[in-house]
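Single-structure report; data block below.
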Amino acid sequence: MKEVSRLETQKSFASNQEFGTLYLVPTPIGNLDDMTFRAINILKEVDLIAAEDTRNTAKLLNHFEINTRQESFHEHNSHSKIPELVNKLKTGMTIAQVSDAGMPSISDPGHDLVNACIEQHISVVPLPGANAGITALIASGINPQPFTFYGFLPRKGKEQKDALKELAQKPESLILYEAPHRLKETLKVLATAFSDERQAVLCRELTKRHEEFIRGSFSQLVEWSQETEIRGEFVIIIDGNDHPSVGVIDSENDAVAGLSVREQVDYFVEAGLKVNDAIKKVAKLHDVKKQLIYREYHQLD
1 MKEVSRLETQ KSFASNQEFG TLYLVPTPIG NLDDMTFRAI NILKEVDLIA AEDTRNTAKL
61 LNHFEINTRQ ESFHEHNSHS KIPELVNKLK TGMTIAQVSD AGMPSISDPG HDLVNACIEQ
121 HISVVPLPGA NAGITALIAS GINPQPFTFY GFLPRKGKEQ KDALKELAQK PESLILYEAP
181 HRLKETLKVL ATAFSDERQA VLCRELTKRH EEFIRGSFSQ LVEWSQETEI RGEFVIIIDG
241 NDHPSVGVID SENDAVAGLS VREQVDYFVE AGLKVNDAIK KVAKLHDVKK QLIYREYHQL
301 D
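FYI, in this note's numbering the residues of the sequence shown are 1 to 301.
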């Protein structure tokens, strides 16, 4: 039988702390003026800063005249580094964990460090601050709530396909991250998975001098990407699916089994899809070109 965990309460600022404290300190995603007074003070006061990239964090520390010692902590050394950091915290040291930009634990190994501290009854104190996903969402023009934050899509084909199959059905707005060198290909993949007409916003270089929002359908965004030199980090905000289909592909195959092509298209139209989107879906189910389904549906010779 699985052991039931007991209820635990963390009083972050109790005066009788047995160990040191892990502070999760957000850093600016571009504009250094977004650093909070509290974040600066914590970085000055702690014994050690665990930084994703010490060279990048050094620029921030120098700007605010912070002299606290740094140690490298990133995805490639986290396995060995986490026990070291936990042991230092247990001796009474205070440590601030920072990412290169934004909130710790988002797309970095901070989450594993947090769990290791919780297991050892070490207080974990989060600071509020900059976050690229929420910053992009509130200015996108797309419904800000409810939303799903996903971050970077999987790179492997099957994992990515499975993730997109699920995400395409979600009625809430979606937040994705993407690197500039992968944006063009990712937009093509998203246009196929979500439909050409799904509305989305590309949010580029947030809080920086060249901040930019590109709003439109996926077909328009794909065209824009082919005509533009892609630079900067991107957040992609995607409108939710107002008419999720009955289920994912496996259950859809069962639902339309035995129906003619025309009846299959009509099935998805009745489920809320536009005719062209329904034709694309039937073509995808049968792994054929949509033109074949289009011609058969419209009874063209």
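We put the CB at the ideal spot given by N, CA and C, even for glycine.
These figures come from a predicted structure and were not determined experimentally.
Check this for me: beta carbons of L24 and V86, under 8 Å apart or not? no
Would you mind working out which of K274, H286, P244, I236 sits nearest L259, comparing C-alpha positions? H286
Residue from D112, N143, F13, T21 with nearest C-alpha to S173: N143
Kindly confirm or deny that the stretch 220 to 228 and the stretch 158 to 169 touch, where touching means at least three C-beta pairs closer than 8 Å. no
Pick helix, strand or coil for R231, following the three-state DSSP scheme. coil
Only counting the same chain, and skipping five residues up and downstream in sequence, which positions put a Cβ closer than 8 Å to that of D277? S195, E197, F268
Quick check: the stretch 92 to 111 against the stretch 66 to 75, are there 3 or more CB pairs under 8 Å? yes
Out of L48, Q169, G129, K290, which has the shortest C-alpha to C-alpha gap to L22? L48
Measuring alpha carbon to alpha carbon, tell me which residue in L167, V275, T186 is nearest D239. L167
Hey, quick one: how far does the alpha helix (DSSP H) through G157 stretch, first residue to last? 157 to 167
Secondary structure, beta strand (DSSP E): runs of 3+ residues fully inside the stretch 29 to 106: 48 to 51, 70 to 72, 95 to 98
Per-residue DSSP class, three states only, for R198: coil
On the DSSP bridge assignment, give the partners of F147 in chain order. S173
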